[in-house]
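**Student:** Mind looking over this structure? Questions follow.
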Amino acid sequence: MKRFNPLEIEKKWQKKWEEEKPYRAEVKPGVPKMYIAEMFPYPSGAGLHVGHVRNFTIVDVLTRFYEQQRLNVMRPFGYDTFGLPAENYAIKTGTAPQEVTKANTDNFRKQAKRLGYAIDWNREINTSDPEYYKWTQWCFLQLFKKGLAYQKESYQWWCPVDQTVLANEQVENGHCWRCGHEVEKKKMKQWFFKITEYADELLDEIDALDWPEKIKTMQKNWIGRSVGAEIDFKVVNDAHSITVFTTRPDTIKGATFLVVAPEYPDLQYFVSDDAKEAVEKYKAEALKKSEIERQENKEKTGVFTGAYAINPATKEKIPIWVADYVLSGYGTGAIMAVPYNDERDKEFAEKFDLPIVETELVDFDAFGTPKTTYRMRDWLISRQRYWGCPIPIAYDKEGNPHAIPEDELPVILPEIQDYKPDESGRSALAKAKDWLKVKIPVKDPKTGKTHLEEMTRETDTLDGYACSSWYLWRYVSPHDKKQAWDKEAIAYWAPTDIYVGADHAVAHLLYVRFWCKFFADLGYLPFREPIKKLIYHGYINAPDGKKMSKSKGNVIDPLDVINDGYGADTLRVYEMFIGPVELDAAWDPRSVGGVYRFLNRCYNLCFDNKNESSDNKNAVIRNKTIKKVTEDIYKCNFNTAVAALMEYVNELYKEGAATGDLVTLAKLLKPFAPHLASEILEKYGADDEWPKWDEKYLVTDTVELVVQVNGKLRAKISVDVNDLDDESKIIDLVKSNEKIAEYTKGGIKKTIFVKKAKLVNIVV
Ligand code: ANZ
Numbered sequence: 092m093k094r095f096n097p098l099e100i101e102k103k104w105q106k107k108w109e110e111e112k113p114y115r116a117e118v119k120p121g122v123p124k125m126y127i128a129e130m131f132p133y134p135s136g137a138g139l140h141v142g143h144v145r146n147f148t149i150v151d152v153l154t155r156f157y158e159q160q161r162l163n164v165m166r167p168f169g170y171d172t173f174g175l176p177a178e179n180y181a182i183k184t185g186t187a188p189q190e191v192t193k194a195n196t197d198n199f200r201k202q203a204k205r206l207g208y209a210i211d212w213n214r215e216i217n218t219s220d221p222e223y224y225k226w227t228q229w230c231f232l233q234l235f236k237k238g239l240a241y242q243k244e245s246y247q248w249w250c251p252v253d254q255t256v257l258a259n260e261q262v263e264n265g266h267c268w269r270c271g272h273e274v275e276k277k278k279m280k281q282w283f284f285k286i287t288e289y290a291d292e293l294l295d296e297i298d299a300l301d302w303p304e305k306i307k308t309m310q311k312n313w314i315g316r317s318v319g320a321e322i323d324f325k326v327v328n329d330a331h332s333i334t335v336f337t338t339r340p341d342t343i344k345g346a347t348f349l350v351v352a353p354e355y356p357d358l359q360y361f362v363s364d365d366a367k368e369a370v371e372k373y374k375a376e377a378l379k380k381s382e383i384e385r386q387e388n389k390e391k392t393g394v395f396t397g398a399y400a401i402n403p404a405t406k407e408k409i410p411i412w413v414a415d416y417v418l419s420g421y422g423t424g425a426i427m428a429v430p431y432n433d434e435r436d437k438e439f440a441e442k443f444d445l446p447i448v449e450t451e452l453v454d455f456d457a458f459g460t461p462k463t464t465y466r467m468r469d470w471l472i473s474r475q476r477y478w479g480c481p482i483p484i485a486y487d488k489e490g491n492p493h494a495i496p497e498d499e500l501p502v503i504l505p506e507i508q509d510y511k512p513d514e515s516g517r518s519a520l521a522k523a524k525d526w527l528k529v530k531i532p533v534k535d536p537k538t539g540k541t542h543l544e545e546m547t548r549e550t551d552t553l554d555g556y557a558c559s560s561w562y563l564w565r566y567v568s569p570h571d572k573k574q575a576w577d578k579e580a581i582a583y584w585a586p587t588d589i590y591v592g593a594d595h596a597v598a599h600l601l602y603v604r605f606w607c608k609f610f611a612d613l614g615y616l617p618f619r620e621p622i623k624k625l626i627y628h629g630y631i632n633a634p635d636g637k638k639m640s641k642s643k644g645n646v647i648d649p650l651d652v653i654n655d656g657y658g659a660d661t662l663r664v665y666e667m668f669i670g671p672v673e674l675d676a677a678w679d680p681r682s683v684g685g686v687y688r689f690l691n692r693c694y695n696l697c698f699d700n701k702n703e704s705s706d707n708k709n710a711v712i713r714n715k716t717i718k719k720v721t722e723d724i725y726k727c728n729f730n731t732a733v734a735a736l737m738e739y740v741n742e743l744y745k746e747g748a749a750t751g752d753l754v755t756l757a758k759l760l761k762p763f764a765p766h767l768a769s770e771i772l773e774k775y776g777a778d779d780e781w782p783k784w785d786e787k788y789l790v791t792d793t794v795e796l797v798v799q800v801n802g803k804l805r806a807k808i809s810v811d812v813n814d815l816d817d818e819s820k821i822i823d824l825v826k827s828n829e830k831i832a833e834y835t836k837g838g839i840k841k842t843i844f845v846k847k848a849k850l851v852n853i854v855v
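Okay, so the sequence shown: first residue is 92 according to the working numbering, each after it adds one.
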């Protein structure tokens, strides 16, 4: 008898798939499509880890499942290759990031192929490939032309180790998301995308999405819409007014002082001379704290500015304070403090002995102008890095930004030797002197004539999130030289039907939605939401439940599992069996062995079927299994689908299997273990079309029968609904029940069957 040899089987099928390319996807007008993708990976030098395998295998199970149902499925693949690790490595070793990236993507591709994924390899994209980033630059220019990409001087998070600006989303508890170092605030001119322009739509359309509730809530909180009013308070003996944002304009009579953020821009104009020093000192301290720290419920701090304002409702003179619990980026960066109604203001007033008066509520509309604010900020997109998509902008002598003409894209990253940022914190691009100079056509507004003007290129690059904000549309026509995406292909394939990931709940998933709405407004996309269904899966941890990490030495290398002889099918099935998809799970080597034995049993059953059964003997379990596996995959209950297959195989060992039973097994197994399943289907000369179940085998409607002995509940027995009509059969069933037999040993006087109540009473 032949023995199960997964490595041999897998090699055979992978070679066949490589040659025959069965997973090529093409537009087929009229044929229902299914577009499935994972959040593409950053290909690190360490190669695939078990987390990638969980991610990609979920996508693969769904891809094959729909493919077997004969939908026209597209499952592309790509790499998010710009970013800090390759650049830091270049700074350290002088190796070009282009080179490192090529080696890493080559490795990733090889590993993904070793896992037998049903990928259309013709749709491979790489964000650091000029063929790709040409169009990232094009996207930027569309935003620039519409005023949605703009520059602004502001305080930014700065990581002193990575020497880069970070977006809010990249600061975790005051620390850099990449290197973990504490971040600082630095005032710099930066590029922003005006995502706030779409805040309402981004918020209002969340509810309709087929996304996990958890993610939807996180996005809602992130956008944080707040409806209130802005009210002006005139500063005493000064030309300035302070505009506050409040959600409770009706409490204005209780506003006994004002508080502005330490960064409040007009602060310097109204601070009294006596207070200047203290205010400056306080400001310097506050800038060191993160917003999260400032919002924590610690002891309140603050200083008096020496200035006063007039409360427009009471006409009273109230003091103006500076305190860091007021954030500069929210509302107007100034508040009216109503200690009677607001807890934080109350604490502050108590600490600094400020008046607290009972608030007499006033008409909501009497003061100020209605205003809606959002917690979400505009999206900071520039980075002082070399290894990113160059921003297609150049500056004239006055420092005004000009778009690089679209027909001159891509602005290619020059090859350089020294990747260190320059002393001023600009990227290494600032040192590429030849590259920096560029001639841009400029139209003279008076004469209407165009002349070429020498300008200096932007040395900032785009944060990687820009590259990943549109890749789902590039996949539909990945090698299009004329446009970012093909209109016909986008109309057919997009939006993405199923998107699978484990991270980026807010940032990436909000940015793609924003770009989708923007490009829909420009007429480039015929839909306003890019992702129909989102599957968010848990992480895989080390056997002890701890996060896998190189430093702890507890990383499981998926390739080791495969090469140990288990093969890719075992790894794939194991990772689907590991637990409910949305939960984190701990790696369990014993369970890997168990999955291997299951596949081995499948193999032996199919290739050495000693116990052949008649065709329809297993109809009930077979149809039940088809139904269960099908419904489970729709619900992403992959673990219970695998469990059902295991149960089915056990049953077939017990009862014997007919060819039809085995072909069904192979078909149901294929999304999970495509190599073994293909081998079985080949043996039986069967295709892989997804099987349908026949309801007639599933009418096992049972009801629960309550059995009493002398009026006391003694057992609950489940019986076939149809048997309720047959009293003698019911009584026989009840009597043969072990428990009841025990209670009725002494003999039965009488049995009463109440069909309506599904009750049997036995008198002994
Ligand atoms: C007076 C008042 C009375 C307020 C009251 C609240 C309750 P949300 O819902 O989070 O938007 N606020 C405004 N700008 C702020 C800033 N930059 N930093 C810190 N706090 C700020 O909360 C809006 C409320 O938070 C505003 O309404 C303001 O306090 C405060 F009984 O004004 B309120």
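Just so you know, even glycine gets a beta-carbon here, dropped at the ideal spot from N, CA and C.
So, with DSSP's three-state summary, where would you put residue 427?
**Tutor:** Residue state, collapsed to three classes: strand.
**Student:** How big is the Cα-Cα spacing for residue 344 and residue 452?
**Tutor:** So the alpha carbons of these two residues sit roughly 7 angstroms apart.
**Student:** Alpha carbon to alpha carbon, how far is residue 646 from residue 823? Give it in angstroms, no decimals.
**Tutor:** The alpha-carbon atoms of residue 823 and residue 646 are separated by roughly 60 angstroms.
**Student:** Quick one: measure Cβ to Cβ for residue 805 and residue 830, integer angstroms, because I've assumed they're closer than 8 angstroms.
**Tutor:** About 6 angstroms; that satisfies the 8 angstroms criterion.
**Student:** Go ahead and label residue 725 buried or exposed: buried means 16 or more other beta carbons lie within 10 angstroms of its beta carbon, across all protein chains shown.
**Tutor:** The residue in question, residue 725, is exposed, as its Cβ has fewer than 16 Cβ neighbours within 10 Å.
**Student:** Compute the beta-carbon to beta-carbon distance between residue 239 and residue 285, rounded to the nearest angstrom, for a pair I have assumed lies under 8 angstroms.
**Tutor:** Contact holds; Cβ gap of about 4 angstroms.
**Student:** Can you tell me where the beta strand (DSSP E) with residue 808 in it begins and where it stops?
**Tutor:** 803-811 is the span of the beta strand (DSSP E), which, as asked, contains residue 808.
**Student:** Is residue 290 a contact residue of the ligand ANZ, with contact defined as CB to any heavy atom under 7 angstroms?
**Tutor:** No, the Cβ of residue 290 stays beyond 7 angstroms of every heavy atom of the ligand ANZ.
**Student:** Identify whether residue 537 lies in helix, strand or coil by the three-state DSSP scheme.
**Tutor:** Looking at residue 537 - three-state DSSP - the assignment turns out to be coil, as it is neither helix nor strand.
**Student:** Quick one: what does DSSP say residue 320 is sitting in, helix, strand or coil?
**Tutor:** The answer is strand: DSSP assigns residue 320 an E or B state.
**Student:** Counting along the chain, where does the alpha helix (DSSP H) carrying residue 314 start and finish?
**Tutor:** Here the alpha helix (DSSP H) through residue 314 covers 304-314.
**Student:** Using a threshold of 8 angstroms, state whether the C-beta atoms of residue 473 and residue 282 are closer than that.
**Tutor:** Result yes, Cβ atoms of residue 473 and residue 282 sit closer than 8 angstroms.
**Student:** Counting pairs of beta carbons, one from the region 711-721 and one from the region 746-760, are three or more of them closer than 8 angstroms?
**Tutor:** Cβ pair count under 8 angstroms is three or more, so yes.
**Student:** Starting from residue 819, follow the alpha helix (DSSP H) in both directions and report where the run begins and ends.
**Tutor:** Here the alpha helix (DSSP H) through residue 819 covers 818-827.
**Student:** Here's a check: name, in chain order, each residue in its chain whose Cβ is nearer than 7 angstroms to the Cβ of residue 611, leaving out the five neighbours to either side.
**Tutor:** Hits under 7 angstroms: 618, 619.
**Student:** List, from N- to C-terminal side, the alpha helix (DSSP H) runs of 4 residues or more that fit wholly inside the region 725-791.
**Tutor:** Within the region 725-791, the complete alpha helix (DSSP H) runs of at least 4 residues are 729-746, 750-760, 765-774.
**Student:** Since I believe residue 553 is in contact with residue 482 (beta carbons under 8 angstroms), could you give me their beta-carbon distance rounded to a whole number of angstroms?
**Tutor:** With a Cβ gap of about 6 angstroms, residue 482 and residue 553 count as contacting.
**Student:** Which same chain residues end up closer than 8 angstroms to residue 485 when comparing Cβ atoms and leaving out the 5 residues on each side of it in sequence?
**Tutor:** Excluding sequence neighbours, residue 485 sits near 492, 493, 495, 529, 531, 546, 547, 548, 549.
**Student:** Taking the alpha helix (DSSP H) that residue 386 belongs to, which residues open and close that run?
**Tutor:** That run of the alpha helix (DSSP H) goes 382-386.
**Student:** Please indicate yes or no: does the CB of residue 314 lie closer than 7 angstroms to some heavy atom of the ligand ANZ?
**Tutor:** Result no, Cβ not under 7 angstroms from the ligand ANZ.
**Student:** Comparing alpha-carbon positions, which option in 505, 287, 652 lies nearest residue 468?
**Tutor:** Nearest C-alpha to residue 468: 287.
**Student:** Name the DSSP bridge partner or partners of residue 284?
**Tutor:** Answer is 240, 470.
**Student:** With a cut-off of 5 angstroms, give the chain-ordered residues whose Cβ is closer than this to any heavy atom of the ligand ANZ.
**Tutor:** That gives 317, 336, 337, 338, 339, 342, 417, 418, 421, 422, 426, 429, 432, 433.
**Student:** So that I know if they touch, is there some Cβ in chain B lying closer than 8 angstroms to that of residue 786?
**Tutor:** Note that chain B does not occur in the displayed structure, where there is just one protein chain.
**Student:** Is the beta carbon of residue 246 sitting closer than 8 angstroms to the one on residue 278?
**Tutor:** In this structure, residue 278 lies closer than 8 angstroms to residue 246 by Cβ.
**Student:** In the DSSP assignment, the alpha helix (DSSP H) including residue 176 goes from what residue to what residue?
**Tutor:** Note, residue 176: alpha helix (DSSP H), 175-184.
**Student:** Taking contact to mean at least 3 C-beta pairs separated by less than 8 angstroms, is the region 155-169 in contact with the region 102-117?
**Tutor:** Taking 8 angstroms as the limit for Cβ pairs, the verdict is that the region 102-117 does touch the region 155-169.
**Student:** State yes or no: is the C-beta of residue 591 within less than 8 angstroms of the C-beta of residue 628?
**Tutor:** Yes.
**Student:** Should residue 326 go down as buried or exposed, given a rule of 16 or more other Cβ atoms within 10 Å for buried?
**Tutor:** The residue in question, residue 326, is buried, as its Cβ has 16 or more Cβ neighbours within 10 Å.
**Student:** Run the CB neighbour count on residue 740, radius 10 Å, all protein chains shown included, and call it buried at 16 or more, exposed below.
**Tutor:** Buried, since its Cβ has 16 or more Cβ neighbours within 10 Å.
**Student:** Enumerate in chain order the residues of its own chain whose CB-to-CB distance from residue 708 is below 8 angstroms, with the five nearest sequence positions on each side excluded.
**Tutor:** Only 746, 747, 749 meet the Cβ criterion.
**Student:** Mark residue 264 as exposed unless 16 or more other C-beta atoms lie within 10 angstroms of its C-beta, in which case mark it buried.
**Tutor:** Per the 10 Å Cβ criterion, exposed.
**Student:** Residues in the same chain with beta-carbon distance under 8 angstroms from residue 440, minus the five sequence neighbours each way, listed in chain order, please.
**Tutor:** Excluding positions up to five away in sequence, the list reads 347, 348, 428, 430, 446, 447.
**Student:** Enumerate in chain order the residues of its own chain whose CB-to-CB distance from residue 143 is below 7 angstroms, with the five nearest sequence positions on each side excluded.
**Tutor:** These residues qualify, in order along the chain: 132.
**Student:** For residue 226, which residues of its own chain have a beta-carbon under 6 angstroms away from its beta-carbon, when the five flanking residues on both sides are left out?
**Tutor:** Around residue 226: 575.
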